[in-house]
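Taking our numbering, the leading residue of the sequence shown gets 1196, the next gets one more, and so forth. Positions of the beta carbon are idealized from the N, C-alpha and C atoms, including for glycine. All values reported here derive from a predicted model rather than from experimental measurement.
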Amino acid sequence: MFNNSSKLSVLLFVLALSLRLILPAIGFSGEVSDSPTYLSEATGLITGEGFINPQGHLTAFRPPVYPIFLAGILAISGGKIVGVQIIQAIFYSLLAPIIFNFLLPLVKEKRAFFGAFIFAVDPASIPFTALILTEAIGAVMIFLWYLSWGRISRSGRVLEYIWSGLLSGILILNTMITQLLQPLALILRMLFFRKEWLKIILCGMIFILPLTAWTVRNKTVLGESTAVKSAGFGFLLWATMNYDFPWLLNPYDKRGEYIFTQEKRVAKKFSPAEQHEIYFRKAVARFRAEPALCVYRVMKASLWSWIDVPGAMKTLDDYPRIRLLLRIINVSILLIALSGVPSAFKYREGRLAFGIILYFAFFHAPLYPIPRYYLPIRPLLAVLCSFAFMNKFKPQMNTNNTNHK
């Protein structure tokens, strides 16, 4: 009744879900430093007060999609966080069989399973479906957006453009860093497929609809023209220019954390818009004074954020051996993915996956990059892993499927 691929799909889903239900099963609260603002907005939506901050004031501090998601789950689960944790675990774990079946036309079944298996057991992503943060849902949405552009490349149908435009507009209102992904994709599409200009323009118009609706709300309710969220990136940019991030083998820098925390308290005295403007100017001044040092710190910060494991800075500070083991596993996954890039580039799906990863690396690097910021693109690393060492071992690929080249 079930073929081998179906059995492997079920196995991957069960494996991924089982690992991600461990923390909810032992009663892990799921709340971290950023969680209260999301929860307050979600609670406000449930009670009819709207998007409110912990002080009870209407706000646009956070993008709206995740609070709306939280509100829906909390309303059904009676306000229990475990309901959110389970739904996030299910959604994220479903990517394992999706990745596997997506890869089947491109590589051998064993390779497709290998890439999806790495995703399922990836220790960097296992805890985060249990946290009240945007990354787990962001990962699902980014991969769906990635699939939508794969379908556009194959068919170019107007419905695919419409879906991609709507999805990308919603995605930005969850994961703000993606705001240039769709415009860049549309520009590149226009350069190479000019005959599809009408579909591309339609996609762009649909793309801005969710952003327009949210901007109108903010202008009407708050009197400010906020397109995504009121909190800008000025402070993060300033912090990256000034903070000497730990090197590969350094322990967590408690002094750096203290300085960051103290300055954050000062920054909170200003409104989000004022905070962004003040610290953006400070960051620019810092860069002009010592450009070489600032570039070095940005590169160092980016390298550290890719190598370290999300959440390890504080939670594993007293367990250096466990942290080292997790770092080794994380670096191994990165190296496997990197080795798959040359072969993946033979396929547009591989080129697109690598392009999205580069986009994240480039735009997150100067904005106080911490390891969890890269969690939304872990599924794309799994895609590249399936192509690892392909030239060396010369696997038999699906040569009948030429539409992907």
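DSSP, reduced to helix, strand and coil, places Ile1327 outside both helices and strands of the structure shown, so it counts as coil. Inside the segment 1375 to 1439, DSSP marks whole alpha helix (DSSP H) runs of 4 or more residues at positions 1376 to 1387, 1392 to 1416 and 1429 to 1437, from first to last along the chain. With a cutoff of 9 Å on beta-carbon distance, Glu1391 and Gly1351 are scored as near each other.
Taking C-beta atoms under 8 Å as the contact rule, Leu1253 and Phe1264 fail to qualify, at a distance of about 19 Å.
About 5 Å separates the CB atoms of Thr1324 and Ala1331; that is less than 8 Å, so the two are in contact. Excluding residues up to 5 positions away in sequence, Phe1430 lie with their Cβ nearer than 8 Å to the Cβ of Lys1459 in the same chain. Just measuring C-alpha positions, the residue of Phe1308, Ala1484, Pro1300 and Asp1229 sitting nearest Tyr1542 is Pro1300. Here DSSP, grouped into helix, strand and coil, assigns Ile1565 to coil. Per DSSP, reduced to three states, the secondary structure at Ile1221 is coil, with no helix or strand assignment.
Remark: C-beta atoms of Pro1258 and Ile1327 do not approach each other more closely than 9 Å. For Ile1268 and Gly1278, the gap between their C-alpha atoms comes out near 7 Å.
Around the beta-carbon of Arg1215, 16 or more other beta-carbon atoms lie within 10 Å, marking it buried.
Spatial neighbours of Met1436 in its own chain (CB-CB distance under 7 Å, excluding positions within 5 residues in sequence) are listed in chain order as Ala1478, Arg1481, Phe1482, Cys1489 and Arg1492. Counting only residues of its own chain and dropping the five nearest sequence neighbours on each side, Leu1362 has a CB closer than 8 Å to the CB of Met1336, Leu1339, Trp1340 and Ser1343. With a cutoff of 9 Å on beta-carbon distance, Val1536 and Leu1579 are scored as near each other.
Of Asp1229, Ile1528 and Gly1364, the smallest CA-CA separation from Met1400 is found for Gly1364. Taken in chain order, the whole beta strand (DSSP E) runs of length 3 or more contained in the segment 1254 to 1299 number zero.
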